[in-house]
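S.K.: If you read the sequences in order, they're chains A and B.
Each step along the first sequence adds one to the number in numbering that gives the first Met the number 0, with nothing skipped, and position 263 is 262.
Each step along the second sequence adds one to the number in numbering that gives the first Met the number 0, with nothing skipped, and position 4 is 3.
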Amino acid sequence: MRALTWHGTKDVRVETVDDPEIINPRDAIIKITSTAICGSDLHLYDGVIPAVKPGDVLGHEFMGEVVETGSDATLKKGQRVVVPFTIACGGCFHCKSQQYSACDNSNPVEKQDMSATLYGQPMSGLFGYSHLTGGYSGGQAEYVRVPFSDVGPIVVPDHLEDEKVLFLSDILPTGWMAAENADIKPDDTVAVWGCGPVGLFAIQSAIVMGASKVIAIDHYPHRLELARQLGAEIVNFRTTHVREALMEMSGGIGVDAVIDAVGMESHGFAVDNMMDVVKQKIGIGADRASALKQAILAVRFGGKVSIPGVYGGMTDKWPLGAMMEKGLQLRGGQTHVQKYTKDLLAKIEDGTLDTTFLISHRLPLEDAARGYKNFKEEQDSWTKVILKPGMEKAA
Amino acid sequence: MSRQTRTGPAALAVGIALGGVALGAIQAKRKQGRSPDDAPDFALRQRDGEYDLVGRSVTIRKPRDELFRFWRDFGNLARFMENLEKVEVEDAATGRATWHIKGPAGRSVAVRTTIESEDEGRMIAWRSLDGSDVETEGKVTFEDAPGDRGTRVGLTIGYKPPAGALGKAVAKAFLREPEIQARHDLKRFKMLMETGEIATSARTKAQTRAAKQENAA
Chain A
0 MRALTWHGTK DVRVETVDDP EIINPRDAII KITSTAICGS DLHLYDGVIP
50 AVKPGDVLGH EFMGEVVETG SDATLKKGQR VVVPFTIACG GCFHCKSQQY
100 SACDNSNPVE KQDMSATLYG QPMSGLFGYS HLTGGYSGGQ AEYVRVPFSD
150 VGPIVVPDHL EDEKVLFLSD ILPTGWMAAE NADIKPDDTV AVWGCGPVGL
200 FAIQSAIVMG ASKVIAIDHY PHRLELARQL GAEIVNFRTT HVREALMEMS
250 GGIGVDAVID AVGMESHGFA VDNMMDVVKQ KIGIGADRAS ALKQAILAVR
300 FGGKVSIPGV YGGMTDKWPL GAMMEKGLQL RGGQTHVQKY TKDLLAKIED
350 GTLDTTFLIS HRLPLEDAAR GYKNFKEEQD SWTKVILKPG MEKAA
Chain B
0 MSRQTRTGPA ALAVGIALGG VALGAIQAKR KQGRSPDDAP DFALRQRDGE
50 YDLVGRSVTI RKPRDELFRF WRDFGNLARF MENLEKVEVE DAATGRATWH
100 IKGPAGRSVA VRTTIESEDE GRMIAWRSLD GSDVETEGKV TFEDAPGDRG
150 TRVGLTIGYK PPAGALGKAV AKAFLREPEI QARHDLKRFK MLMETGEIAT
200 SARTKAQTRA AKQENAA
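Structure, rendered in structure tokens:
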């Protein structure tokens, strides 16, 4: 089959690789109809996530048709499914508590040691996202092997086209959980750093949850415009002093909740961020966290901090004092996708959530490398890229 | 990862190297230096001099009895202990069985064992019989975990390597990262009991660890 494979920093290629096979009883093979490039794929592209190997198939946002099933699978051939990026067994302590992204059993045993050393306990398995999370082949391909197919994939009705439901795989539930983690109460003022797809869905979710004011922070005019169309007020950090603005816009006490939808490759000119940029570049492993640090200073005393943005390691100059003295609550975590898919599918169907407004480009899978490059370099106009394995390549 | 390329006799199934000292002696000795807190032995910060770690544990979200029964049928052990080829049970009542352990250069090592003592639902202890290629003993314990977390399964294995060239080769293999092997085997046991299968990220059958080991042998 054809698949997008990683070969090094800023080097991804569409190549022919072996087709996936059913290996375990609960497996299914899905023929991909649509897949997307995620902002977090850019962390792989930029080479800041460890344990990615040449030849790894990337992609963790995908959907398609069931074409093969293992002996214990419950899916039926021909069903149309969206697959969560988090692989979860459904039977362990965490899955039973609906903390699917903390599944004990989906990361193969021999791959668990690395993240257990980093974080104290091992991470669960994720599709196409380094060998820290299992080294599973991802879905930017024609076919994918889906383990525990009786727990993850959600069957979608035929009248909803791919583009409406594809984002159930990651960014829609991730944005939703980000807002949930911000514990939004009616009348809350919420600030969201980063108007990428997750930030935009977090904004939409916060509004649906009843926030009275959502403030979107970014520096790309088009992305800020998308946020405004959703109903957010916008702040451009290139032209505006963000913390001062947020104090003014929140009645002088700071915002009730902050959401960092930026993550480890944060932009910014503050001294600590520039130091982090240097450390990340020379490979001594610091996460750039300037957006999060700013968010912690901007939130009010007793405020809520939600972190959907991806971080992998350590950071320096952490505002620990602000965290303690202000009595903040911090929540992060990979998304427990399986917990949200059913409710969010209903919200797509009844029109509560719009999932297509952010799609900017649709490309054949064969053009995936161009998709990565532009998604990285033309962030203002390339807001979300969908790849279609069957689509004709443009001349 | 170098570990993945090592195949063949990576350890006596869940082999923990004890340098030929019987388990009972080790445990008695460890007790003397035991701190007065409530943590399990495996979490001891201070090792007892020459004796290193003797076991591992894993918590499995299943009732004690179910796990005990599965383990008590030694034929099941090869399903999650990576270096066991198979276990032939000769007598279920006494637990007499022959363990076929993957040995160097595609050879296998046979160990005949018998159950020395057992406490229904809580503990099984076994040891090798005279005439085995390797002298070994092991113990698995099942305890209720806190809250609804299931069962804590503790495993301790000791062995005395045999003389001769084969023995030396086997011993060398046993000494290779036995702690990691024990932890990995217990986690495979957990996966098998909680999910009915053992997770693999292989895309094709030929990429699975089992297939790779077979090819290397």
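Cβ atoms here follow ideal geometry from the backbone N, Cα and C, with glycine treated the same way.
Just to confirm my understanding: we take P395 (chain A), look at its own chain, exclude 5 residues before and 5 after, and list those with CB closer than 6 Å. What are they?
M.R.: Any answer about residue 395 (chain A) is impossible in this case: the structure gives chain A only from 0 up to 394.
S.K.: I want to see whether chain A comes within less than 7 Å of A201 (chain B), judged by CB atoms only; does it?
M.R.: So, interface residue.
S.K.: Are any of the Cβ atoms in chain B nearer than 7 Å to that of I411 (chain A)?
M.R.: Nothing can be reported for residue 411 (chain A), as the shown portion of chain A is limited to 0 through 394.
S.K.: Would you call the segment 54–69 of chain B and the segment 131–147 of chain B touching, i.e. three or more CB-CB distances under 8 Å?
M.R.: Touching, yes, given that three or more Cβ pairs across the two stretches are closer than 8 Å.
S.K.: Along chain A, in chain order, which residues have C-beta atoms closer than 7 Å to that of M122 (chain B)?
M.R.: Here the premise fails: no neighbours, minimum Cβ distance about 24 Å.
S.K.: Within 10 angstroms of its Cβ, does K110 (chain A) collect 16 or more other Cβ (buried), or is it exposed?
M.R.: When all chains shown are included, K110 (chain A) counts as buried.
S.K.: Alpha carbon to alpha carbon, what distance is there between A181 (chain B) and A16 (chain B)?
M.R.: Low confidence applies here, because A16 (chain B) scores a pLDDT of 37, under 50, leaving its location unreliable and the question unanswered by this model.
S.K.: Judging by CA-CA distance, which residue of A:E14, A:E377, A:L291 is the nearest neighbour of V329 (chain A)?
M.R.: Looking at the sequence shown, residue 329 (chain A) is not Val but Leu. Closest option to L329 (chain A), Cα to Cα, is A:L291.
S.K.: Shorter than 7 Å from the beta carbon of R222 (chain A) to some beta carbon of chain B?
M.R.: It does not; no Cβ of chain B falls within 7 Å.
S.K.: Does E84 (chain B) get closer than 7 Å to chain A when you measure Cβ to Cβ?
M.R.: No, E84 (chain B) does not count as interfacial toward chain A.
S.K.: Do T15 (chain A) and L386 (chain A) have their beta-carbon atoms positioned less than 7 Å apart in this structure?
M.R.: Cβ atoms of L386 (chain A) and T15 (chain A): not closer than 7 Å.
S.K.: Given a threshold of 16 other Cβ atoms within 10 Å of its Cβ, counted over all protein chains shown, does G105 (chain B) qualify as buried or as exposed?
M.R.: G105 (chain B) is exposed by the Cβ-count criterion.
S.K.: Could you spell out where the beta strand (DSSP E) holding E61 (chain A) opens and where it closes?
M.R.: Correcting the residue type first, residue 61 (chain A) is Phe in the shown sequence and not Glu. Run containing F61 (chain A): 60–68, per the beta strand (DSSP E) assignment.
S.K.: Pick out whichever of A:I202, A:F147, A:G119, A:P196 has its Cα sitting closest to the Cα of L41 (chain A).
M.R.: Considering only alpha carbons, the answer is A:P196.
S.K.: List the residues of chain B that N104 (chain A) touches, going by C-beta distances under 8 Å, in chain order.
M.R.: By Cβ distance, chain B contributes K189, M190, E193, T194, A198.
S.K.: Any beta carbon from chain A within less than 7 Å of V110 (chain B)'s own beta carbon?
M.R.: With 7 Å as the cut-off, V110 (chain B) does not count as an interface residue toward chain A.
S.K.: Using the DSSP secondary-structure output, state which residues sit across from R330 (chain A) in a beta bridge.
M.R.: BP columns for R330 (chain A) point to A:S305.
S.K.: What residues in the segment 136–153 of chain A have a beta carbon less than 8 Å from any beta carbon of chain B?
M.R.: Within the segment 136–153 of chain A, the residues whose Cβ lies closer than 8 Å to some Cβ of chain B are S136, R144, P146, F147, listed in chain order.
S.K.: Can you give the Cα-Cα distance for D161 (chain A) and M0 (chain A), rounded to whole angstroms?
M.R.: The alpha-carbon atoms of D161 (chain A) and M0 (chain A) are separated by roughly 21 Å.
S.K.: Using 8 Å as the threshold, is the segment 68–85 of chain A in touch with the segment 43–51 of chain A, meaning 3 or more CB pairs across them?
M.R.: Contact between the segment 68–85 of chain A and the segment 43–51 of chain A is absent, because fewer than three Cβ pairs lie under 8 Å.
S.K.: Flag F84 (chain A) as yes if its beta-carbon sits less than 7 Å from any beta-carbon of chain B, otherwise no.
M.R.: F84 (chain A) does not count as touching chain B.
S.K.: Go ahead and label T194 (chain B) buried or exposed: buried means 16 or more other beta carbons lie within 10 angstroms of its beta carbon, across all protein chains shown.
M.R.: Its Cβ being crowded by 16 or more others within 10 Å, T194 (chain B) is buried.
S.K.: Would you call K76 (chain A) buried or exposed, if buried means 16 or more other Cβ atoms sit within 10 Å of its Cβ?
M.R.: Per the 10 Å Cβ criterion, exposed.
S.K.: Could you check if T203 (chain B) belongs to the surroundings of the ligand SAM, using beta carbon to heavy atom distance under 6 Å?
M.R.: The ligand SAM is absent from the structure shown, which contains no ligands of any kind.
S.K.: Cβ atoms of G302 (chain A) and V261 (chain A): under 7 Å apart, would you say?
M.R.: Their beta carbons are not under 7 Å apart, which means V261 (chain A) does not touch G302 (chain A) by this criterion.
S.K.: Since D353 (chain A) meets chain B, which of its residues come closer than 7 Å, beta carbon to beta carbon?
M.R.: Result: empty, since nearest Cβ-Cβ is about 35 Å, beyond 7 Å.
S.K.: Between K211 (chain B) and chain A, is any beta-carbon pair separated by less than 7 Å?
M.R.: Cβ-Cβ to chain A under 7 Å: no for K211 (chain B).
S.K.: Can you tell me whether W125 (chain B) is helix, strand or coil according to DSSP?
M.R.: Strand at W125 (chain B).
S.K.: Check whether chain B comes within 7 Å of I206 (chain A), counting only Cβ atoms and requiring the distance to be less than that.
M.R.: It does not; no Cβ of chain B falls within 7 Å.
S.K.: What does the alpha-carbon distance come out to for the pair R46 (chain B) and V152 (chain B)?
M.R.: Caution is warranted here: a pLDDT of 41 is assigned to R46 (chain B), below 50, making its placement in the model unreliable, and the coordinate value is therefore given only provisionally. Answer to the nearest angstrom: the Cα atoms are 21 Å apart.
S.K.: Near M323 (chain A), what residues of its chain come up, given a Cβ to Cβ distance below 6 Å and the 5 sequence neighbours on each side ignored?
M.R.: Closer than 6 Å at Cβ, skipping near neighbours: no residue.
S.K.: Establish whether the CB of E20 (chain A) and some CB of chain B are separated by less than 7 Å.
M.R.: At least one chain B Cβ lies under 7 Å of E20 (chain A).
S.K.: With a threshold of 7 Å between beta-carbons, can G320 (chain A) be considered close to chain B, or not?
M.R.: No, because no Cβ of chain B sits closer than 7 Å to the Cβ of G320 (chain A).
S.K.: Of the residues A:V254, A:P146, A:F92, which one's Cα is nearest the Cα of I86 (chain A)?
M.R.: If we check each option's Cα against that of I86 (chain A), A:P146 comes out closest.
S.K.: Got a sec? Which residues, its chain only, sit under 8 Å from A367 (chain A) by beta carbon, not counting five neighbours each side?
M.R.: Cβ within range, chain order: L3, V11, V13, I36, Q139, L386.
S.K.: Return the bridge partner residues of P363 (chain A) from the DSSP annotation.
M.R.: DSSP lists A:K387 as partners of P363 (chain A).
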